[in-house]
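Student: Which chain is which? The protein sequence lines are V and P, in order.
Its first residue numbered 749, the first sequence is counted upward by one per residue in my numbering.
Its first residue numbered 749, the second sequence is counted upward by one per residue in my numbering.
Number of protein chains: 2
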Amino acid sequence: MPGPNAARRNERSRRAILTAALELLAETSYPDLTVEAIAARAGVGKQTIYRWWRGKGGVILEALVDATDADGEPRLPDTGDLGADLRTVLRAIVAEFADPRLSATTRALTIETLADDTLAAQVRDQILRPQLDAVKVRLRAGQDAGQVRTDVDLDQVVELLVGPVYHRWLLRTGPLTDDYADGLVALALAATSPPERPG
Amino acid sequence: MPGPNAARRNERSRRAILTAALELLAETSYPDLTVEAIAARAGVGKQTIYRWWRGKGGVILEALVDATDADGEPRLPDTGDLGADLRTVLRAIVAEFADPRLSATTRALTIETLADDTLAAQVRDQILRPQLDAVKVRLRAGQDAGQVRTDVDLDQVVELLVGPVYHRWLLRTGPLTDDYADGLVALALAATSPPERPG
Numbered sequence: 749m750p751g752p753n754a755a756r757r758n759e760r761s762r763r764a765i766l767t768a769a770l771e772l773l774a775e776t777s778y779p780d781l782t783v784e785a786i787a788a789r790a791g792v793g794k795q796t797i798y799r800w801w802r803g804k805g806g807v808i809l810e811a812l813v814d815a816t817d818a819d820g821e822p823r824l825p826d827t828g829d830l831g832a833d834l835r836t837v838l839r840a841i842v843a844e845f846a847d848p849r850l851s852a853t854t855r856a857l858t859i860e861t862l863a864d865d866t867l868a869a870q871v872r873d874q875i876l877r878p879q880l881d882a883v884k885v886r887l888r889a890g891q892d893a894g895q896v897r898t899d900v901d902l903d904q905v906v907e908l909l910v911g912p913v914y915h916r917w918l919l920r921t922g923p924l925t926d927d928y929a930d931g932l933v934a935l936a937l938a939a940t941s942p943p944e945r946p947g
Numbered sequence: 749m750p751g752p753n754a755a756r757r758n759e760r761s762r763r764a765i766l767t768a769a770l771e772l773l774a775e776t777s778y779p780d781l782t783v784e785a786i787a788a789r790a791g792v793g794k795q796t797i798y799r800w801w802r803g804k805g806g807v808i809l810e811a812l813v814d815a816t817d818a819d820g821e822p823r824l825p826d827t828g829d830l831g832a833d834l835r836t837v838l839r840a841i842v843a844e845f846a847d848p849r850l851s852a853t854t855r856a857l858t859i860e861t862l863a864d865d866t867l868a869a870q871v872r873d874q875i876l877r878p879q880l881d882a883v884k885v886r887l888r889a890g891q892d893a894g895q896v897r898t899d900v901d902l903d904q905v906v907e908l909l910v911g912p913v914y915h916r917w918l919l920r921t922g923p924l925t926d927d928y929a930d931g932l933v934a935l936a937l938a939a940t941s942p943p944e945r946p947g
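1. To be precise: take each residue of the region 888 to 907 of chain V, compare its Cβ to all Cβ atoms of chain A, and keep it if any distance is under 8 Å. Which residues remain?
2. Please give me, in chain order, every unbroken run of the alpha helix (DSSP H) with length at least 4 that falls completely inside the region 867 to 921 of chain P.
3. Would P/V871 and P/L924 be called neighbours here (beta carbons separated by less than 8 Å)?
4. Quick one: Cα of V/P822 to Cα of V/V813, how far?
5. Would you decide whether V/Y928 is buried or exposed? Buried here means 16 or more other CB atoms lie within 10 Å of its CB.
6. Let's see if you can read the secondary structure: which residues bound the alpha helix (DSSP H) around V/G831?
7. Can you find at least 3 beta carbon pairs, one from the region 907 to 914 of chain P and one from the region 840 to 852 of chain P, that sit closer than 8 Å?
8. Can you give the Cα-Cα distance for V/L935 and P/G806, rounded to whole angstroms?
9. Compare the C-beta of P/Y798 against all C-beta atoms of chain V and say whether one is closer than 8 Å.
10. Quick check on V/T858: buried or exposed, where buried means 16 or more other Cβ atoms within 10 Å of its Cβ?
11. With the cut-off set at 8 Å, would you say V/A852 and V/T861 are in Cβ contact?
12. How would you label P/R914, buried or exposed, when you count the other beta carbons within 10 angstroms and need 16 or more for buried?
13. For the region 752 to 770 of chain V against the region 783 to 798 of chain V, are there 3 or more C-beta pairs whose distance is under 8 Å?
14. Using CA coordinates, which residue listed in P/R757, P/N753 and P/A787 is at the minimum distance from P/T767?
15. Quick one: residues in its chain with C-beta nearer than 8 Å to the C-beta of P/D833, no 5 flanking neighbours on either side, listed in chain order?
16. Could you give the C-beta distance for P/K884 and P/D903, rounded to a whole number, given that I count them as a contact under 8 Å?
17. What's the C-alpha gap between V/Q891 and V/A939?
18. By the 10 Å Cβ neighbour count, where 16 or more other Cβ atoms means buried, how is P/R757 classified, buried or exposed?
19. Report the three-state DSSP secondary structure of P/A939 (helix, strand or coil).
20. Between which two residues does the alpha helix (DSSP H) carrying V/R789 extend?
21. Helix, strand or coil for P/R756 per DSSP?
22. Does DSSP classify V/L924 as helix, strand or coil?
Here it is in structure tokens:
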């Protein structure tokens, strides 16, 4: 059994590896990123990485889950103004995809998850699901407040907001801007607002 | 200059390679697909493939563009019923993503395009853009017929229809069914239909 010093050393190595992986990902393209380079940057042997992870995809996933955990459970603002709150979150999501460093990470994970079902399930359940659920919780509050029709599937409304952003990012079909985010929110609200009551 | 026999032989080899690539893609996972295997199945040398393409991604892209060309310019039905026409096309798109063989191809190309900007532009312009534009043309006819608001950005409406399908397929967050396709069309129509005229 490793003593406390060994455990501390392990944790220090683990943190160095995760930090190195995210740094290198922002500097290089994913196909060029190697376990060797991560090990060199972190100051550990390649074997240390392969002892703990199957490959670079796993390292990056753990780095992201770590970052997510540090932020705590994601939660959307609830100011009472559903449109304003959704614009806040959509602008943030669009900005993440427009940011070269974060986009490189998402690109890397997307490649890995397309080729690995197990990793896909981990990314979905540990990183994405909590974020999508936070949007759903805010929409449900809007439903309770009479701002969203009760007959819509809230999972589909979440996809209506986030799906187009992924599509535009993936296929590079247009700019990722605040205006674009606001336009998506306007369409989603038009799709889900209750019919006007006769005055 | 190659004579007519050499040109015929080349075209026969090219067709055999493209067919072999799509067949193997449906049978194996993309990371396991090799240029060697494509060459063996097509009955050509590996060097023949590398003489004409940079790698497997390029082979698959050309196979798909060939298949698309054979179909001619994509065009949506226009029965006058916008909802019915959009349900027809959305159900077809959702079925493609749900089909294991076609999904494997899309998965492969998506991986390649995430790692290669040049290939991404080719896929977007040669395969996707004509399909997305066909949906846009049908929406514009709906606009002319007073069924779609004139103040909406039709490119965004196309993304509203197709983006959620990509998102659900990419992240494997739910089933890809006719009901799902119909639900998306209902939301998009609600988002874009003109306000009811006072009766």
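Think of the CB as a built atom: it goes at the ideal place given N, C-alpha and C, for glycine as much as any other residue.
Tutor: By the coordinates alone:
1. The displayed structure is made up of protein chains V and P, and chain A is not among them.
2. 877 to 892 and 902 to 919
3. no
4. 12 Å
5. buried
6. L830 to A846
7. yes
8. 37 Å
9. no
10. buried
11. no
12. What sits at residue 914 of chain P in the sequence shown is Tyr, not Arg. P/Y914 comes out buried.
13. yes
14. P/A787
15. L824, P825, D826, T827 and R886
16. 7 Å
17. 13 Å
18. exposed
19. helix
20. V783 to A790
21. helix
22. coil
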